[in-house]
Structures are given as C-alpha cells and as structure tokens.
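Read the structure below first, then the notes.
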Amino acid sequence: GIQVEQSPPDLILQEGANSTLRCNFSDSVNNLQWFHQNPWGQLINLFYIPSGTKQNGRLSATTVATERYSLLYISSSQTTDSGVYFCAVIQGAQKLVFGQGTRLTINP
Amino acid sequence: DVKVTQSSRYLVKRTGEKVFLECVQDMDHENMFWYRQDPGLGLRLIYFSYDVKMKEKGDIPEGYSVSREKKERFSLILESASTNQTSMYLCASTLSQGIGYTFGSGTRLTVV
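So the sequence lines, in the order shown, correspond to chains A and B. In case it helps, the working numbering puts the first sequence at residues 10 to 117. In case it helps, the working numbering puts the second sequence at residues 20 to 131.
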C-alpha cells in the first residue's frame with residue numbers, strides 16, 4: 010500500500026517564527042489532506058489539496074503531485090498552533106492513510 | 020457548522036465488558052469510519068461503512084464489530100473489552116471521493 014512520510018518528526022519554535030512541514034508519499038495520489046490535532050485530541054481538517062496551492066489565513070499548503078510531496082507552511086506562529094500535524098492520503102474506499110505526524114511546539 | 024459527535028469523551032470499563040462507542044454526524048455523509056490512535060502506531064482504521072447497514076473491515080478489526088442502522092449513526096462495539104483495547108478512538112465521516120473528511124473529538128477508553 011501507499012507509504013506516507015512526514016518530516017521533521019518534532020519542531021520547537023518561538024512564537025512569531027515561520028515553519029515548513031513536509032509530506033512525501035510513495036505513489037500517485039489525487040486526494041492529499043492536512044490535519045491538525047490539538048492537545049485535546051481533536052483532528053481538524055486544514056486543507057484538501059490534491060495539487061496546487063491553497064491559503065487559509067496564516068496557513069498555506071502546496072502539493073506537487075508529480076513529485077509526490079506536499080508542504081504545509083505556517084507563518085507568524087502562535088502558541089495555539091501547537092499540536093500534531095498530519096498529512097493523509099485516501100486509499101481504496103475513502104480510507105485515510107496517515108503519516109506519523111509532525112509534533113509542533115510553539116513557545117511564548 | 021458540520022459536526023461529528025462522539026457520545027463520550029472519557030470512558031473507563033472493566034475487562035470482559037461489552038462496550039458501545041457511539042458516533043453521530045449531521046452532514047448527511049455517506050461514509051463513516053472508526054479509527055484508533057496509539058502512541059508510535061499512529062491512526063489505524065478499524066471499520067468503515069459506506070451506506071446504511073453496510074460495513075467493511077479496516078486494518079485492525081479483530082475484537083470489534085460495528086452497527087449502522089441509520090445514515091447518521093455509526094456505532095463501534097467491543098464485544099469483550101481487553102486491556103490492549105485501551106486507546107483513543109476517533110470517528111470520522113466524509114462525502115464520496117473523500118471530500119469533507121470530518122473527525123469527532125475522540126473517546127479516550129481505558130480498560131482496567
């Protein structure tokens with residue numbers, strides 16, 4: 010099955026810094042998604058981004074499907090951005106295959 | 020705002036008990052899913068359903084069953100709870116093609 014790898018596994022930054030999270034996938038996909046899991050466990054869908062670039066406030070994402078990677082950018086980080094960021098792709102009947110996640114800690 | 024609601028946030032059950040985890044969505048989504056999340060193992064799919072009364076096994080169905088009697092409700096059943104089923108359980112729903120994937124807030128189950 011498809012493999013999804015994320016880097017870095019952990020990232021610690023000061024408030025106000027910018028960050029880039031990477032997601033590599035082993036096969037062609039057309040349905041990559043980014044999620045944020047907050048410290049209470051809630052998974053929030055950030056982007057559905059099979060290709061191209063999308064922006065939502067301080068967050069943006071770019072997927073280059075032909076090169077099998079996606080990037081999530083967070084600008085001017087805030088402490089509320091802390092948590093685990095997952096990318097995931099759909100395999101088969103709408104089943105999500107998740108990467109292992111990047112744990113982001115934003116210190117005040 | 021669309022919602023997936025899981026009935027319990029925290030649950031403590033005894034070994035051997037039958038446990039029901041309930042999930043309700045208000046988005047008229049066809050597809051519903053149960054995942055469990057464990058440290059070091061990530062999120063793994065237990066069961067999913069693409070229609071009422073339909074169910075499919077995911078990657079780790081052993082020890083679990085599901086029920087989908089109505090489109091909006093998808094229940095996960097632990098027939099005889101065991102300590103290795105202590106985990107965070109996450110319900111999700113989506114339209115066809117995987118658009119609009121929405122998760123509930125999770126149920127943290129402890130089996131003692």
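Where is the CB? At the ideal position from N, CA and C, for every residue including glycine. Please read these numbers as outputs of a predicted model, since none were measured by experiment.
Under 9 Å between C-beta atoms, does residue i make it to chain B?
i        : result
A:Leu33  : In the sequence as displayed, the identity of residue 33 of chain A is Asn instead of Leu. Chain B contact via Cβ: absent.
A:Ile115 : no
A:Gly61  : no
A:Tyr57  : yes
A:Gly92  : no
A:Ile53  : yes
A:Gly108 : yes
What residue range does the beta strand (DSSP E) around residue i cover?
i        : result
B:Lys32  : Tyr29 to Lys32
A:Gln109 : It is not in any beta strand (DSSP E) - A:Gln109 carries neither H nor E in the DSSP assignment.
A:Asp19  : Asp19 to Gln23
A:Lys63  : Gly61 to Asn65
B:Met51  : Asn50 to Asp57
B:Tyr69  : From DSSP, B:Tyr69 is part of no beta strand (DSSP E); its letter is neither H nor E.
B:Lys22  : Careful: B:Lys22 lies outside any beta strand (DSSP E) and carries neither H nor E.
B:Leu60  : Taken as a continuous stretch (DSSP letters only), B:Leu60 belongs to no beta strand (DSSP E), as it is neither H nor E.
Using only alpha-carbon positions, find the residue among the options that is nearest to residue i.
i        : options                                 : result
A:Asn54  : B:Arg92, B:Val85, B:Gly117 and B:Glu98  : B:Gly117
A:Asn47  : B:Tyr29, B:Asp70 and B:Gly125           : B:Gly125
A:Val13  : A:Leu105, A:Gly66, A:Ile83 and A:Gln51  : A:Leu105
A:Ser28  : A:Tyr82, A:Ser37 and A:Gln64            : A:Tyr82
B:Val23  : B:Gly82, B:Ala111, B:Tyr69 and B:Lys90  : B:Ala111
B:Asp47  : B:Gln104, B:Lys89 and B:Leu30           : B:Lys89
A:Leu30  : A:Gly101, A:Gln103, A:Val38 and A:Asp90 : A:Asp90
A:Arg77  : A:Gly10, A:Val38, A:Ile21 and A:Leu20   : A:Val38
A:Phe107 : B:Pro80, B:Leu30 and B:Leu64            : B:Leu64
Suppose the cutoff is 8 Å on Cβ atoms and the five residues either side in sequence are ignored; what does the same chain contact list for residue i look like?
i        : result
B:Phe67  : Asn50, Met51, Phe52, Trp53, Lys74, Glu75 and Gly77
A:Gly110 : Gln15, Pro18, Gln46, Val93, Tyr94 and Phe95
B:Val71  : Arg87, Glu88, Lys89 and Lys90
B:Ser115 : Glu49 and Asn50
A:Val98  : Ile11, Val13, Phe34, Val38, Asn40, Leu41, Gln42, Leu105 and Val106
Quick check: is any heavy atom of the ligand GDP less than 8 Å from the C-beta of residue i?
i       : result
B:Arg87 : The ligand content of the structure shown is nil, which means the ligand GDP is not present either.
Please list, in chain order, all residues of the same chain as residue i whose beta carbon is under 7 Å from its beta carbon, the five residues on each side excluded.
i        : result
A:Ser79  : Cys32, Leu41, Ile58, Ala70, Thr71, Thr72 and Cys96
B:Tyr108 : Leu40, Trp53, Arg55, Leu95, Gly125, Thr126 and Leu128
A:Gly25  : Ser85 and Ser86
B:Glu36  : Ala100
B:Ser84  : Ile96 and Glu98
If I measure Cβ to Cβ from residue i and keep anything under 6 Å in the same chain, skipping five residues before and after, which residues do I get?
i        : result
A:His45  : Ile53, Leu55, Gly92 and Tyr94
A:Thr62  : Thr71
A:Asn116 : Gln23
A:Ser60  : Thr72 and Ala74
B:Ser26  : Glu41
B:Arg92  : Val43
Counting only beta-carbon separations shorter than 9 Å, does residue i have a partner in chain A?
i        : result
B:Arg87  : no
B:Ser44  : In the sequence as presented, Ser is not what sits at residue 44 of chain B; that position holds Gln. Not closer than 9 Å to any Cβ of chain A, the Cβ of B:Gln44 fails to qualify, so no.
B:Phe52  : yes
B:Ile96  : no
B:Ile79  : no
B:Thr113 : yes
Open item on the list: Under 8 Å, with one C-beta from each stretch per pair, do the segment 120–128 of chain B and the segment 57–72 of chain B reach the 3-pair mark?
Closed with: no
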